[in-house]
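Peer 1: Please see the structure below; I have some questions.
Residue numbers (my numbering): 405 to 760.
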């Protein structure tokens with residue numbers, strides 16, 4: 405799998421560097437179709453059985469009640485989608501194909517609308533997010549991609565339309581509520597100095613207010629069910645400020661911020677991308693002492709990397725674009741290897757437990 409991804413990245417890299425526009429769109433569609441198939445055909449991945457059982461237990465739409473509690477997760481909206489799929493074909497494998505296809509369709513729409521190099525954006529998504537979302541946390545994938553698709557509503561100042569979109573995404577995964585503040589944050593005219601000062605303050609807060617953060621989460625996150633992630637193994641296993649992902653995101657954010665002059669002319673969404681990624685990075689730093697909490701709260705707008713990195717590449721000369729994209733390739737192949745290895749370890753662990 406890792407070798408296949410590395411080869412695919414190199415293929416996309418060549419198409420982009422040689423400006424083979426004619427083939428890029430076809431490759432994008434074909435790749436998304438292959439990913440849809442892979443999502444549907446996967447076997448024994450974490451959470452896969454939960455989604456299949458939830459589908460089997462879902463009533464038909466005319467018998468559906470939003471007061472009923474789904475099996476394995478809390479969001480009735482996602483369960484309703486299972487109910488609708490059941491009308492077409494009552495097969496939980498077909499259901500995985502449909503939900504995977506729906507997420508890949510939203511990913512396609514996002515890349516076409518916001519990414520200057522959609523194929524590179526797709527590679528970033530595969531390396532950084534695909535396995536943990538579409539192969540495991542399918543609900544979060546759908547919710548995140550739906551919220552990101554509404555970025556243009558922020559740009560056009562259509563507040564109620566954006567809030568409605570977040571509400572719909574919330575029905576699929578409650579983490580979508582994290583998208584609400586972005587609209588209002590984007591009303592602020594953030595400067596480079598604000599970004600730098602904000603990062604410094606976040607580092608200080610994460611260490612000085614360690615216990616206060618846990619109390620705050622426990623008091624205000626009942627709906628998101630995040631209080632679980634401020635205790636036990638989620639604290640013991642946390643890397644704190646030693647988490648390399650913090651510095652990866654901070655590095656991208658600072659590069660994106662200080663390349664403002666050349667990036668603004670390449671995309672009218674520059675300010676929204678930067679604000680959203682800044683918002684994500686603050687979550688990652690402030691909650692760094694809680695391993696799962698920092699990842700789950702920051703991941704939504706960390707996904708903006710699929711637009712930001714291609715935009716940064718486009719702003720460079722051909723020589724530096726080549727170097728930049730090759731460096732990105734090395735990084736994201738490593739990320740993919742790390743996530744794939746972790747998933748395989750989890751699957752082997754579950755198989756051993758089943759045999760005992």
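Cβ atoms here follow ideal geometry from the backbone N, Cα and C, with glycine treated the same way.
1. Around the Cβ of residue 648, are there at least 16 other Cβ atoms within 10 angstroms (buried) or fewer (exposed)?
2. Spatial neighbours of residue 520 within its chain, please: C-beta separation below 6 Å, excluding the five flanking residues on both sides.
3. For residue 489, does the count of other Cβ atoms within 10 angstroms reach 16, so buried, or fall short, so exposed?
4. Would you kindly report the start and end of the unbroken alpha helix (DSSP H) that includes residue 442?
5. Mapping DSSP to helix, strand and coil, what is residue 678?
6. Check this for me: beta carbons of residue 705 and residue 683, under 7 Å apart or not?
7. Can you grab the Cα-Cα spacing for the pair residue 613 / residue 692, in whole Å?
8. I need the straight-line Cα distance from residue 452 to residue 568, nearest angstrom please.
9. DSSP three-state label for residue 762, please.
10. Tell me whether residue 449 sits in a helix, a strand or coil according to DSSP, three-state version.
11. Less than 7 Å separating the beta-carbons of residue 677 and residue 728?
12. Can you tell which of 405, 406, 410, 420 has its C-alpha closest to the C-alpha of residue 723?
13. Terminal residues of the continuous alpha helix (DSSP H) containing residue 363?
14. Quick one: Cα of residue 555 to Cα of residue 480, how far?
15. Smallest Cα separation from residue 581: which of 501, 608, 701?
16. Cβ atoms of residue 607 and residue 689: under 7 Å apart, would you say?
17. Can you give the Cα-Cα distance for residue 598 and residue 655, rounded to whole angstroms?
18. Round the Cβ separation of residue 409 and residue 737 to the nearest angstrom and send it over; I've been treating them as touching at under 8 Å.
19. Under DSSP, the alpha helix (DSSP H) around residue 558 begins and ends at which residues?
20. Is it right to say residue 483 is buried, meaning 16 or more other beta carbons lie within 10 angstroms of its own, or is it exposed?
21. If you draw a straight line from the alpha carbon of residue 596 to that of residue 460, how long is it in whole angstroms?
22. Do the segment 509-516 and the segment 533-553 meet, that is, are 3 or more Cβ pairs less than 8 Å apart?
23. Would you kindly report the start and end of the unbroken alpha helix (DSSP H) that includes residue 565?
24. I'd like to know whether the C-beta atoms of residue 487 and residue 468 end up nearer to each other than 7 Å.
Peer 2: Working from what's here:
1. exposed
2. 714, 715, 718
3. buried
4. 425-445
5. helix
6. yes
7. 12 Å
8. 29 Å
9. With the chain covering 405 to 760 only, the question about residue 762 has no answer from this structure.
10. coil
11. no
12. 420
13. The shown model of the chain, from 405 to 760, leaves out residue 363, and the question about it has no answer.
14. 25 Å
15. 701
16. yes
17. 16 Å
18. 6 Å
19. 555-559
20. buried
21. 51 Å
22. yes
23. 563-574
24. yes
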